[in-house]
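So the structure is just underneath, and the comments pick up after that.
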Amino acid sequence: GAGVSQSPSNKVTEKGKDVELRCDPISGHTALYWYRQSLGQGLEFLIYFQGNSAPDKSGLPSDRFSAERTGGSVSTLTIQRTQQEDSAVYLCASSRNRDGYTFGSGTRLTVV
Amino acid sequence: QQQVKQSPQSLIVQKGGISIINCAYENTAFDYFPWYQQFPGKGPALLIAIRPDVSEKKEGRFTISFNKSAKQFSLHIMDSQPGDSATYFCAAFSGATNKLIFGTGTLLAVQP
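So the sequences go chain by chain: A and B. Using my numbering, the letters of the first sequence map in sequence onto residues 1 to 112. Using my numbering, the letters of the second sequence map in sequence onto residues 1 to 112.
Spelled out as structure tokens, the structure:
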């Protein structure tokens, strides 16, 4: 596609449930990033994939969070045993270089 | 640790006025400084960017001023329009980590 696609656009889940968020990056973009945006806050870095290199997981807030990227393309962010503080907009971005970060529209996660 | 500090948190400007948003950083390893514009329900989109070997960059009504010695940079929006009403994020990129670090954002409202 022409842009970064994220699904679902909205997700409401019960506390304690697991959720999976999907990101389809722009074709040919080797780098993929996940960020979290809480209400009224900036963008918090979560994880970074670059080609076949080991991902930079330094931003993941707890071991309940994990992500994978299959075939150098689609990425899935998984949150296990969701908590209310996990409620936020999860943004995915892909890039070919530092000048070309393209963000998706995000997944708004609400944990009730 | 807030590596990129952004101010003000919110800003109200009259149509035709100048909007000014300021950012400061500590890490001298940062070597690329973009600004992103975000409308409600959308992901951030790259607006304009500057490298530290340049003191000013202008694109249309948008100008970045960069002060390397003070480790500060700012976004100026000339002739502000209601359509400029959005949240603006400054960011800094380090080639060593390949990550964009974002400021906390400024909510700009341009009144007609």
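Idealized CB from N, CA, C, for every residue including glycine.
Going by beta carbons, residue 43 of chain A and residue 102 of chain B fall inside the 7 Å limit.
Annotation for residue 16 of chain A: 81, 82 place their beta carbon closer than 7 Å to its own, counting only its chain and skipping 5 residues before and after. Residue 47 of chain A counts as buried, since at least 16 other C-beta atoms from the protein chains shown sit within 10 angstroms of its C-beta. Counting only runs of 3 or more residues that sit fully inside the stretch 9-33 of chain B, the beta strand (DSSP E) segments are 10-14, 19-25, in chain order.
Among the CB atoms of chain A, one or more fall inside 7 Å of the CB of residue 42 of chain B.
At least one C-beta of chain B is nearer than 7 Å to the C-beta of residue 106 of chain A.
In this structure, residue 9 of chain A sits away from residue 24 of chain A, with a CB-CB distance that is not shorter than 7 Å.
Residue environment analysis places residue 10 of chain B among the exposed positions, since fewer than 16 neighbouring C-beta atoms fall within 10 angstroms of its C-beta. Of the residues assessed, residue 99 of chain B falls on the buried side of the cut-off, its CB having 16 or more other CB atoms within 10 angstroms. Per the coordinates, the alpha-carbon of residue 23 of chain B lies some 7 Å from the alpha-carbon of residue 4 of chain B.
Here residue 43 of chain B is buried. Its C-beta has 16 or more other C-beta atoms within 10 Å.
With a cutoff of 7 Å on beta-carbon distance, residue 107 of chain A and residue 12 of chain A are scored as not near each other.
When the alpha-carbon of residue 104 of chain B is set against those of B:21, B:67, B:15, the nearest one is in B:21. Look at residue 24 of chain A here: in three-state DSSP terms it is strand. At a C-beta separation below 8 Å, residue 48 of chain A has these neighbours in chain B: 98, 99.
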